[in-house]
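Report on the following structure.
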Amino acid sequence: MESKTPYFIMHKERLLYNLEFFKELERVLDINIYFCLKSFNKKEPLKLISKYISGATISSKQELKLAKKVGFKDIFSYSTAYKDNYFKEADFVSFNSISQYNKFYKDAPSVGIRVNPKIEFNTPKYCNYSDKNSFLGVDKESIYSLKTINGLHFHTMFRATAEDLETLLNYIDNNFSNILPNLKWLNLGGGYDFFNFNLIKAKKILKEFKIKYPNLKIIFEPGESLLDNLGEFVVSVIDIVNSYAILDTSIETHLLDIAIVNRDIKIKNKKTGDHTYTLVGNSGLRGDIIGKYNFKKPLKIGDIIEFENMIAYTLVKNTNFLMTKSAKFYFN
Ligand SMILES: Cc1ncc(COP(=O)(O)O)c(C=O)c1O
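Per this note's numbering, the sequence shown starts with residue 1419, numbered consecutively.
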């Protein structure tokens, strides 16, 4: 592809593959997938996503507008703190605190609250939603002070397994069996690594749960997992200083999420060898370090580097630091 770096490229046929998988997941596990718009919000791909799965999860007024525009049928709204009641136009609403609930519950079409289960999962600190001192979600005891409630919401996972899901479902069953029969929905959040999931186990535990609580619509709200392996971020080497290769990107402009979760990024088609370079950004910041890689041949100015699996949470977090123009996005 003849294009000026830096740019993102997302492959339509790979998206279709993931969407077929998620559609089948809904059917086999008898669940509802609501794509989390926070992770990615380009219109054309979203139109396609909306045709395959049950709905979208949104966290702002702008995301709500976009979800409607691209055709998502059902919308689940959650915000750490709502400033106003724009969520009235969603189908399900989750509040993050008792004060937010008290302020807005009357405006919610179907009202729920996020619970912090305080279970230790294997998550990086930045994404540890179950932290005992977290501000995300209420304590389980607080549920009983609510005047009315239709659903419970949990988001506690990061690249989680079916065993983690089992831990969460057991917790929910052990702590809320008295109210679950009166609820309409249960949102189990995002953070599941569905492509590496033990689906047989997931099917079994969800089925057992459903037999106990047939009244519950079970929602999952994945972002990253639905976008797994859909495209690359393509950059060029613009200078080489000692063993540093300076690229036409930076952590601050295009790679914030990678830095935050300390993600190791892979280079496409890279053959490993004896030529070691630290790839760095061009922001001028000493900490603008992408990583150390071994190459088969020495790098040269003008070489193209393609970082793999770069769609989730990258584009949505791009910045215009140093008045940098936004990186181009191609979908084909
Ligand atoms: C409340 C909530 N649900 C779902 C997600 C999506 O999580 P993931 O992209 O890890 O699947 C997020 C992401 O931060 C979130 O905050």
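Note that beta-carbon positions come from the ideal geometry of N, C-alpha and C, so glycine has one too.
Treat the numbers as computed from the prediction; the structure is a model and nothing was measured.
Closer than 7 Å: E1639 CB and nearest ligand 1 heavy atom: yes
On the CB-based measure, 16 or more other CB atoms within 10 Å of its CB, does E1420 come out buried or exposed? Confidence in E1420 is poor, its pLDDT being 48 and thus under 50, which makes the residue's placement unreliable; the coordinate value appears in the next sentence. By the neighbour-count rule (16 or more Cβ atoms within 10 Å), E1420 is not buried but exposed.
Helix, strand or coil for E1724 per DSSP? strand
State the DSSP-derived secondary structure class of F1370, mapped to helix, strand or coil. Residue coverage of the chain in this structure runs from 1419 to 1750, which leaves residue 1370 outside it and unanswerable.
Report the three-state DSSP secondary structure of I1567 (helix, strand or coil). coil
Beta-ladder partner(s) of M1428, from DSSP: G1649, F1749
From K1524, L1455, V1533, K1486, residue whose alpha carbon lies closest to that of I1476: L1455
Which residues in the same chain as H1571 place their Cβ atom closer than 6 Å to its Cβ, once the five residues preceding and following it in sequence are excluded? S1512, G1530, R1532, N1605
For E1420, name the three-state secondary structure that DSSP assigns. In this prediction, E1420 scores a pLDDT of 48, lower than 50, which makes its location untrustworthy; no coordinate-derived value is stated.
Straight-line CA distance for D1557 to S1515? 9 Å
Does DSSP put I1467 in a helix, a strand or coil? helix
Which term fits D1502, buried or exposed, when burial requires 16 or more other beta carbons within 10 angstroms of its beta carbon? exposed
Close beta carbons around P1755, own chain, < 6 Å, minus the five adjacent residues each side: Since the first residue shown for the chain is 1419 and the last is 1750, residue 1755 is missing from the structure and cannot be characterised.
Beta-carbon separation (whole angstroms), T1579 vs I1537, contact threshold 8 Å: Actually they do not touch by this definition, with Cβ atoms about 14 Å apart.
Does at least one heavy atom of ligand 1 sit under 7 Å from the Cβ of G1608? yes
So what's S1495 in DSSP terms, helix, strand or just coil? strand
Quickly, what does DSSP pair C1454 with across the bridge? List them, please. T1475
Under 8 Å between C-beta atoms of I1451 and I1471: yes
Would you kindly report the start and end of the unbroken beta strand (DSSP E) that includes I1664? 1662 to 1665
Contacts around L1639, its chain only, beta-carbon distance under 7 Å, and the 5 residues preceding and following it disregarded: Rather than Leu, the amino acid found at residue 1639 in this sequence is Glu. Here the set comprises Y1452, C1454, T1475, F1494, N1605, G1607, G1608.
Spatial neighbours of I1719 within its chain, please: CB distance less than 7 Å, with the 5 preceding and 5 following residues excluded, ordered by chain position. V1655, I1656, D1657, I1658
Proximity to K1630 [Cα-Cα], best of D1591, T1566, N1647, R1432: D1591
So, does the stretch 1431 to 1438 touch the stretch 1697 to 1708, judging by three or more C-beta pairs under 8 Å? no
Following the continuous alpha helix (DSSP H) through I1678, name the residue where it begins and the one where it ends. 1674 to 1678
Complete runs of the beta strand (DSSP E) confined to the stretch 1576 to 1659 [at least 3 residues]: 1603 to 1605, 1635 to 1638, 1649 to 1659
Residue span of the alpha helix (DSSP H) that contains S1517, given as start and end: 1516 to 1522
Return yes when at least one heavy atom of ligand 1 lies under 7 Å from the C-beta of K1506, else no. no
Please report the residue range of the beta strand (DSSP E) in which G1709 lies. 1707 to 1713
Run of the beta strand (DSSP E) containing G1691, from where it starts to where it stops: Per DSSP, G1691 belongs to no beta strand (DSSP E) and is neither H nor E.
Does the Cβ of F1576 lie closer than 7 Å to at least one heavy atom of ligand 1? yes
Is the number of C-beta pairs between the stretch 1669 to 1684 and the stretch 1461 to 1471 that are closer than 8 Å three or more? no
With I1531 as the anchor, note down where its beta strand (DSSP E) starts and where it stops. 1529 to 1532
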